[in-house]
Structures are given as structure tokens and as C-alpha cells.
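Chemist: Protein sequence lines correspond, in order, to chains E and P.
Numbering-wise, the first sequence is residues 4 to 296 according to the numbering used here.
Numbering-wise, the second sequence is residues 4 to 296 according to the numbering used here.
Positions of the beta carbon are idealized from the N, C-alpha and C atoms, including for glycine.
Mind looking over this structure? Questions follow.
Number of protein chains: 2
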Amino acid sequence: MHLRQVRSFVVVARFSSFTRAADLLNLTQPALTVQIRQLEQSLGVKLFDRNTRAVELTRIGREMLPVLERLLGEFDAVVANAREMANLRYGTVRIAALPSVAATVLPPLIARFKERHPQIRVVLRDSVGERINAAVRDEAVDFGIGSDIEPDAELETVPLFEDVMRAVVPAAHPLADAVEIRLDRLIEEPLILMDKGSSVRSLIDRAFADGGHLVVPAYEVTYMSTAVGLVRAGLGIAILPSTAIELRMEAELPSLAIGNPVLRRPITLVLKAGRSLPPAAEALRDMLTSWEA
Amino acid sequence: MHLRQVRSFVVVARFSSFTRAADLLNLTQPALTVQIRQLEQSLGVKLFDRNTRAVELTRIGREMLPVLERLLGEFDAVVANAREMANLRYGTVRIAALPSVAATVLPPLIARFKERHPQIRVVLRDSVGERINAAVRDEAVDFGIGSDIEPDAELETVPLFEDVMRAVVPAAHPLADAVEIRLDRLIEEPLILMDKGSSVRSLIDRAFADGGHLVVPAYEVTYMSTAVGLVRAGLGIAILPSTAIELRMEAELPSLAIGNPVLRRPITLVLKAGRSLPPAAEALRDMLTSWEA
DNA sequence: CATATTCATAAAGGAATTTTATTACTGAAA
DNA sequence: TTTCAGTAATAAAATTCCTTTATGAATATG
Chain E
4 MHLRQVRSFV VVARFSSFTR AADLLNLTQP ALTVQIRQLE QSLGVKLFDR NTRAVELTRI
64 GREMLPVLER LLGEFDAVVA NAREMANLRY GTVRIAALPS VAATVLPPLI ARFKERHPQI
124 RVVLRDSVGE RINAAVRDEA VDFGIGSDIE PDAELETVPL FEDVMRAVVP AAHPLADAVE
184 IRLDRLIEEP LILMDKGSSV RSLIDRAFAD GGHLVVPAYE VTYMSTAVGL VRAGLGIAIL
244 PSTAIELRME AELPSLAIGN PVLRRPITLV LKAGRSLPPA AEALRDMLTS WEA
Chain P
4 MHLRQVRSFV VVARFSSFTR AADLLNLTQP ALTVQIRQLE QSLGVKLFDR NTRAVELTRI
64 GREMLPVLER LLGEFDAVVA NAREMANLRY GTVRIAALPS VAATVLPPLI ARFKERHPQI
124 RVVLRDSVGE RINAAVRDEA VDFGIGSDIE PDAELETVPL FEDVMRAVVP AAHPLADAVE
184 IRLDRLIEEP LILMDKGSSV RSLIDRAFAD GGHLVVPAYE VTYMSTAVGL VRAGLGIAIL
244 PSTAIELRME AELPSLAIGN PVLRRPITLV LKAGRSLPPA AEALRDMLTS WEA
């Protein structure tokens, strides 16, 4: 049985006429006659009683019509649904991102995306690096945004931008007017750092270790806003990603570039290798990769 | 979208392999590749991520698989259902018949039919002549069995057999040993006749009228069994169709042929003109027309 | 590094479907 | 009753579509 035949059956039944049905279907009448005959043969039952003057459903045809019509409608709905996904008029994008990115870079991007594609749902999950990779691996998310991804055959990474660390100092601090500070100079100050396990912290620990230092932070916090609060209270200097600083504090607190070495954190897109994305996710990814910060 | 493509989709998904799926579908692998590509194009979305080493559903493919599988199953169920009807393994036959026929000739016939086709349901409705025709006309029944059908463009009739009227007399009646009786001789007896409106009664009234007589029955009954009861009580002579007498009373009561004129009632099959019958109804009709009483 | 396996592609062949042209039938009108 | 108009069925030709054959490209395995 072919769907085309079923479609023809429904139209012939509706019009009680092969000629008019053929018109609507953009077919010639003999083609339609053949289609109905084939459908009847594949079902083994007559669907229409027809002569040159009238076409009428048989009892069995009458019984089958609503059933087949419903099934046809469901098929069409599936197709329509798929096409809406293809046209970005329906769908969901699932992302896992580092909290710093999820809180700063992504919101305006997602806002622009929603503006363009209001019917697409975006699910954003903030997680630490390792969980991002895991989520991408089991396809719990369409893609992830992380940092410092170790090479993994299952994962494919695309560099997005580099996040440079800056030192955030209290307004009253003697360094407040400086432009840049060397990393080893910071060791003398009470430091406010992110928890161990965060990608920002690993980067800082590694940099200090490379310089022969061991950091003992004055405060360890989970959220960047806490770090900012501690700085504002004059309790120490925080080392935070520049994206977060630019977006969240504006001119409120002074921040200094860190030199020698510059602390860079590459922010990368994480994709499951060899897997295509749903159209909506692809569109968002494209906006992300072509994005000028 | 074609059902064939959907079928292929399901099989490829099940096997995660074009080659093995093609095997199962009795196709070559390139043909299958083309089918899946076409399906993807008609839907506008990728269903599989594939390389030469692995075939895996995309997220959208994974979402669509159960839906399409269900729809495919429903289609197959419709086809299977139709084929079972064609093979007389499922279906219903609806008949409207005169009460005398419904009570006597049909039961053994239906019994034989059910023996041969146990899964077919037979719905038998007993009605008077006019209602039989109406039921056939609006296709409330597949066919009818009546008598004395006036020509009607919408109806087609097939003679089945002739029902001959006989006089049923009480065992103690002086005529009990006779073989035949003339119709005009019956007028002298107390007669037990069916209600006006029944086809048996019309036949009798007409016959008497032709002979210049007006019948005034001693009893008018609705059911033949009532008539038989009255005869058994010695209250009169009943004029009943021979089929009914043979089948229901056996040797219990004597009955006489009626001569000059013989009262015949043609029993005919009534069909809606130009309409085909469902397979089950056709089978029962065939048994009926080829039946030796 | 070679090999075997697997999916993709292109061209040729074959199958199925559609169109064109015609016939046969039916109901309505002359 | 006959004719006419309209309709579905049929047959053959043309076309479209699909499948196969042959081959290529990619990748994991030994």
C-alpha cells in the first residue's frame, strides 16, 4: 500500500468522482483509476462501486475512510512538524555552559536568537567543565561551552574566544589606579579565588605553580558575585575572567590587567564528534561562532 | 513521503546498518541509501548521522522513530483487517428476511455458514416486506429476502424458490386424511390466517378475491406458532407456507396441499442494484442462491 | 600499514506510473 | 426510442522513478 493511493482514495471518496478528484490531485483520470484499482487489490476488497454515472463507497470503503483519513492526517502532522523544525519554527536547543559564560556572554546572544526565532525553546544548563563534556557525550545537550577540554575522540572542539583574567581591586586600594599588575605581585595580597574545581581556579593555580608559588587564598567562593561582594567590602583582590567583569560590574570596581604571564582561558565550543545538530541548535551555534564579542 | 521510505527508516534504525537493513528488505544497499536520503529531504531534517563505520539516529530521528513506527503499525493493521475481511476471517453479514423465512429456511443455512466461517458475525433481522426493501435501499442490510417485490430501479431481485401454501388441519378433522383440497372448499371452514399486511395473508386474500370470495377469518394471528397452536386445539384450519410447516411441525399435524389454484409465493433475494457486497455477505448470498431446499 | 567493511555516488537498466487516445457504458434530453 | 453528454475503463506509448551494478572514499582492525 502506498500513501499516494490512500490520498487518492480519500479525495475520490470526497468528490464521488474520479475525474474531479484527478483534477484536484493534478493527475489524469486513468492514472487515478489505476491507483484505486491497485489499492483495492492490495487490500483485497472493493472500495467503490462505480459505473460511468456514479461513484459510491462500498460498505467496507465507508468503514475504512475515516480510519485512513485520520492516519493520513497524522502522517502529515509528522511531516509538518519536521519541516517546522527545519525552518526553525519549532524545536529546542539544549546547551551546557560554564557558569561564567552562561551568566555573561550567553544571555544577550540567546536574547538575539529568541528575537529571530521566537518559537524555539532554549534550555541552558550551567555546569563545571567535566559535566559539560559528559552532557555532550551522552547527547543530553546539543553542544557545550567549556574551557580547557582535553582531547577526546568523542568530542570535537571549536575555539570561540579567549577569556583574559583580570584583578578586581577595592576602590580604595592603593593599586586602584594602576593599569596592569604582574602576577607575582598579587601573591602578596589577600586573594579571593573561585573554588577549586572551577576552570578559572585551575588556570590561576597552574600559573602560580609555574612561577614557583603556592596560592593560599584568603577566601574561596563558589559564585563570582560573592567574590565581587568581598572585593567591594575591601577584603581582598579577586581574579576573575574579563568577560564577567565587563558585563557585570561596569565601572563599579576598578580592575587591572594581569601581566607576565597573561592568564588566558580559551573558551571552546564542545560538540559530539561526527554528529549533526538539529536545525535550531545549528542556528544558535552559528550565531555563537560568528559572534563578535 | 512514501510508506516504503518510512519502513526503511525503521529497519535501518533497528539495525544501525544500511547493509543489513537492505538485506532484510530485499534491496541493495545503494537503493536504501537513496530511500533514506529522499525521506530526509522530504522531511527537511537529517535522520541518521552516518559514516562508513557507524549509523546512528540523530536527536530528531530518535524522536520520530516511535511515532512513525506506531503509524506504520496502524496502517498495517488496517491492511490486515481488510485482508481478513477478504478472506472471510472477519466481518459481518446483515440480512433482513421475512419472518417465515427467517424462522425456517435461514437458520440451518446460517448454521452451515457459521460452521465454515466461524469468525463472521451474522445479523438477521425479521421484517415485513416493505421494511425489507427499505433496509436494502439504505444499505442498513447487505441483502434482503422477501416476496412479491414490485419492480424498483434501486433494487435487484433474484428468485430463490417458491413457497407453496398448505392447509394445516387438526388431527381429528374429517379432512385429516385427505391429500389435497380445493381452495374454495376451505371457505366453508373456520380459517386461521396471518395478520393483514403479511405477505402470506395478501397472497391468500388475493386468491380468494380472484375466486369471487371474501375471506372472514375466524382467527387472525401475528405468529405462525400461534396459528399452529390454534389448529392443534381444533379451532380451525390454518393456511401456512410449506417451508414453515415442513420445518416446524414435522408429522405432528396433518397438512394438505391446496389445489385449484395452487397458492405460490415467490421468495426472492433483494439486493441494492449495482452495489457490490462485502466478501462475507457475498459468500452467504452464494450459499443461499446455490441452496437446494 | 594493509585489509576488510561500510556508506556514498554515478551510470545503466528496469519497473512502475502517467499520459494520450480511445472505448464502453449510463442517464437525461430530444 | 434515440441521441447526446458525461464518465470510468482500457491499451499502448512515453515518461518518470527506482533499483542494480560498479566503483570510490572513509575508517576501524589486525
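Alpha carbon to alpha carbon, how far is residue 137 of chain E from residue 144 of chain E? Give it in angstroms, no decimals.
Modeler: Taking the straight line from one Cα to the other gives about 9 Å.
Chemist: Taking CB distances under 8 Å as the criterion, tell me whether residue 296 of chain P reaches chain E.
Modeler: Because the pLDDT of residue 296 of chain P is 49, which lies under 50, any placement of that residue in the model is unreliable, and the number read from its coordinates should be weighed accordingly. Taking Cβ atoms only, chain E never reaches closer than 8 Å to residue 296 of chain P, which makes this a no.
Chemist: From what residue to what residue does the alpha helix (DSSP H) around residue 56 of chain P run?
Modeler: Careful: residue 56 of chain P lies outside any alpha helix (DSSP H) and carries neither H nor E.
Chemist: With a threshold of 16 other CB atoms inside 10 Å of the CB of residue 217 of chain P, please say whether the residue is buried or exposed.
Modeler: Result: exposed.
Chemist: Taking 8 Å as the CB-CB limit, is residue 52 of chain P close to chain E?
Modeler: At least one chain E Cβ lies under 8 Å of residue 52 of chain P.
Chemist: Whole angstroms is fine: what's the gap from residue 14 of chain E's alpha carbon to residue 36 of chain E's?
Modeler: Looking at the two C-alpha atoms, the distance is approximately 12 Å.
Chemist: Which term fits residue 296 of chain E, buried or exposed, when burial requires 16 or more other beta carbons within 10 angstroms of its beta carbon?
Modeler: With a pLDDT of 49 at residue 296 of chain E, under the threshold of 50, the modelled position of this residue cannot be trusted; read the value that follows with caution. With fewer than 16 other Cβ atoms within 10 Å, it is exposed.
Chemist: Would you mind sorting residue 263 of chain P into buried or exposed? The rule is 16 or more other CB atoms within 10 Å of its CB.
Modeler: Its Cβ having fewer than 16 others within 10 Å, residue 263 of chain P is exposed.
Chemist: Which bits of chain P does residue 279 of chain E rub up against, with CB to CB less than 8 Å?
Modeler: Those within 8 Å of residue 279 of chain E in chain P are 49, 52 and 61.
Chemist: I'd like the list of long-range same chain contacts for residue 156 of chain P, defined as Cβ closer than 6 Å, with 5 residues on each side in sequence excluded.
Modeler: Excluding residues within five positions, none has a Cβ falling inside 6 Å.
Chemist: Measuring only the C-alpha atoms, how far is residue 257 of chain P from residue 228 of chain P?
Modeler: Those two C-alpha atoms are separated by around 15 Å.
Chemist: Is residue 222 of chain E closer than 8 Å to residue 206 of chain E when the C-beta atoms are compared?
Modeler: No; because the gap between Cβ atoms is not below 8 Å, this pair is not in contact.
Chemist: For the ligand MG, I want to know if residue 257 of chain P counts as a neighbour, meaning its beta carbon is within less than 7 Å of at least one of the ligand's heavy atoms.
Modeler: Questions concerning the ligand MG fall outside what the structure shown contains, since it holds no ligand whatsoever.
Chemist: Could you pull out every residue in the same chain whose Cβ sits closer than 6 Å to the Cβ of residue 220 of chain P, ignoring the five residues on either side in sequence?
Modeler: Contacts found: 194 and 196.
Chemist: Let me confirm a value: residue 175 of chain E is counted as buried when at least 16 other C-beta atoms fall within 10 Å, else exposed. Which label applies?
Modeler: Residue 175 of chain E comes out exposed.
Chemist: Can you find the residues in the same chain that come closer than 6 Å, C-beta to C-beta, to residue 83 of chain E, ignoring five residues on each side of it along the sequence?
Modeler: None.
Chemist: Is residue 42 of chain E near residue 78 of chain E, with beta carbons less than 8 Å apart?
Modeler: No, these two residues do not count as a Cβ contact at 8 Å.
Chemist: Which residues in chain E have a C-beta closer than 8 Å to the C-beta of residue 142 of chain P? List them in chain order.
Modeler: Residues of chain E passing the Cβ test: 62.
Chemist: Which residues bound the beta strand (DSSP E) around residue 170 of chain E?
Modeler: Where residue 170 of chain E is concerned, the enclosing beta strand (DSSP E) stretches over 158-171.
Chemist: Which same chain residues end up closer than 7 Å to residue 294 of chain E when comparing Cβ atoms and leaving out the 5 residues on each side of it in sequence?
Modeler: 112, listed in sequence order.
Chemist: Looking at chain P, is there any beta carbon in it that lies within less than 8 Å of the beta carbon of residue 282 of chain E?
Modeler: Chain P contact via Cβ: present.
Chemist: To the nearest angstrom, report how far apart residue 282 of chain P and residue 64 of chain E are at their CA atoms.
Modeler: The alpha-carbon atoms of residue 282 of chain P and residue 64 of chain E are separated by roughly 12 Å.
Chemist: For residue 128 of chain P, which residues in the same chain have their Cβ closer than 6 Å to its Cβ, ignoring the five residues on either side in sequence?
Modeler: Only 99 meet the Cβ criterion.
Chemist: Give the secondary structure of residue 20 of chain E by DSSP, where H, G and I count as helix, E and B as strand, and everything else as coil.
Modeler: In this structure, residue 20 of chain E counts as coil in the three-state DSSP scheme.
Chemist: Can you tell which of P:239, P:198 and P:273 has the C-alpha that lies nearest to the C-alpha of residue 225 of chain P?
Modeler: Of P:239, P:198 and P:273, the residue nearest in Cα terms is P:198.
Chemist: Tell me the DSSP secondary structure of residue 296 of chain P in three-state form.
Modeler: Only weak support is given to the placement of residue 296 of chain P: the predicted model assigns it a pLDDT of 49, under 50, and the question is left unresolved by the model.
Chemist: Along the chain, where does the alpha helix (DSSP H) containing residue 91 of chain E start, and where does it finish?
Modeler: Element bounds for residue 91 of chain E: n/a, residue is neither H nor E.
Chemist: Helix, strand or coil for residue 197 of chain P? Go by DSSP, reduced to three states.
Modeler: Strand at residue 197 of chain P.
Chemist: Suppose you measure from the CA of residue 189 of chain E to the CA of residue 172 of chain E; what does that come to, to the nearest Å?
Modeler: If I take the Cα positions, the gap works out to 11 Å.
Chemist: When the Cα atoms are used, what is the spatial distance from residue 56 of chain P to residue 9 of chain P?
Modeler: Their backbone Cα atoms lie some 23 Å apart in a straight line.
Chemist: Determine the contact status of residue 60 of chain E and residue 68 of chain E, defining contact as a CB-CB distance below 8 Å.
Modeler: Yes, the Cβ-Cβ distance between residue 60 of chain E and residue 68 of chain E is below 8 Å.
Chemist: Where does residue 225 of chain P fall in DSSP's three states?
Modeler: Residue 225 of chain P falls in the coil class under three-state DSSP.
Chemist: Mind checking if residue 176 of chain P is an interface residue toward chain E, Cβ cutoff 8 Å exclusive?
Modeler: Taking Cβ atoms only, chain E never reaches closer than 8 Å to residue 176 of chain P, which makes this a no.
Chemist: At a cut of 8 Å, does the stretch 17-28 of chain E reach the stretch 230-247 of chain P through at least three beta carbon pairs?
Modeler: The stretch 17-28 of chain E vs the stretch 230-247 of chain P: no contact.
Chemist: Under a CB-based cut-off of 8 Å, is residue 285 of chain E close to chain P?
Modeler: By this cut-off, residue 285 of chain E is not an interface position.
Chemist: Near residue 72 of chain P, which residues of its chain fall below 8 Å by C-beta distance, leaving aside the five closest residues on each side in sequence?
Modeler: These residues qualify, in order along the chain: 13.
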